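Trainee: Residue numbers (my numbering): 742 to 843. I have a structure here, written as structure tokens, and I will follow up with some questions on it.
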């Protein structure tokens, strides 16, 4: 679910009308690395899937300890909700690192 949400956010960013000239990795002003230009349609479709693994992997690593010794007798509803909330926050932060080339 975290991967799907992150992919959706990046997909909408990379295919928005503001990013017709391409997108760059901006990191809130710390760097400006162009990722693809206006004609790179293949990269526009591949990059959302590639960059969506970052928040998914980070969330999985943060909650790995909680799920490592899981047994079916344990109740994990609270942990699952926390996992999804943290994953959605990381996905939104990940999408905020990219800006359209203007």
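C-beta: ideal position from N, C-alpha, C; glycine also. Model, not experiment: these values are computed from the prediction.
Where residue 781 and residue 756 are concerned, what is the direct C-alpha to C-alpha distance, given to the nearest angstrom?
Mentor: Along the chain shown, one-based indexing puts residue 781 at 40. Along the chain shown, one-based indexing puts residue 756 at 15. Approximately 12 Å between the Cα atoms of the pair.
Trainee: Would a C-beta distance cut-off of 8 Å place residue 840 and residue 764 closer than the cut-off?
Mentor: As a working mapping, residue 840 is identified with position 99 in the chain shown. As a working mapping, residue 764 is identified with position 23 in the chain shown. Yes.
Trainee: Can you find the residues in the same chain that come closer than 6 Å, C-beta to C-beta, to residue 797, ignoring five residues on each side of it along the sequence?
Mentor: Residue numbering aside, residue 797 sits at position 56 when the chain shown is read from its first letter. Cβ neighbours of residue 797 beyond the five flanking positions: 743 and 744.
Trainee: Any contact between the region 783-800 and the region 814-823? By contact I mean 3 or more CB pairs, one from each, below 8 Å.
Mentor: Judged by Cβ distances under 8 Å, the region 783-800 makes no contact with the region 814-823, as fewer than three pairs qualify.
Trainee: Sorted by chain position, which residues of the same chain lie with C-beta nearer than 7 Å to residue 827's C-beta, five sequence neighbours on each side aside?
Mentor: Position 86 of the chain shown, counting from 1, holds the residue named residue 827. So the qualifying residues of the chain are 800 and 803.
Trainee: Which complete beta strand (DSSP E) runs does the region 793-833 hold, if anything under 3 residues is left out?
Mentor: Here no run is fully enclosed.
Trainee: So, are the CB atoms of residue 833 and residue 754 less than 8 Å apart?
Mentor: Taking the chain shown and counting its residues from 1, the one referred to as residue 833 is at position 92. Taking the chain shown and counting its residues from 1, the one referred to as residue 754 is at position 13. No. Outside cutoff.
Trainee: Taking buried to mean at least 16 other C-beta atoms within 10 Å of its own C-beta, is residue 809 buried or exposed?
Mentor: In the chain shown, the residue the question calls residue 809 occupies position 68. Flag for residue 809 reads exposed.
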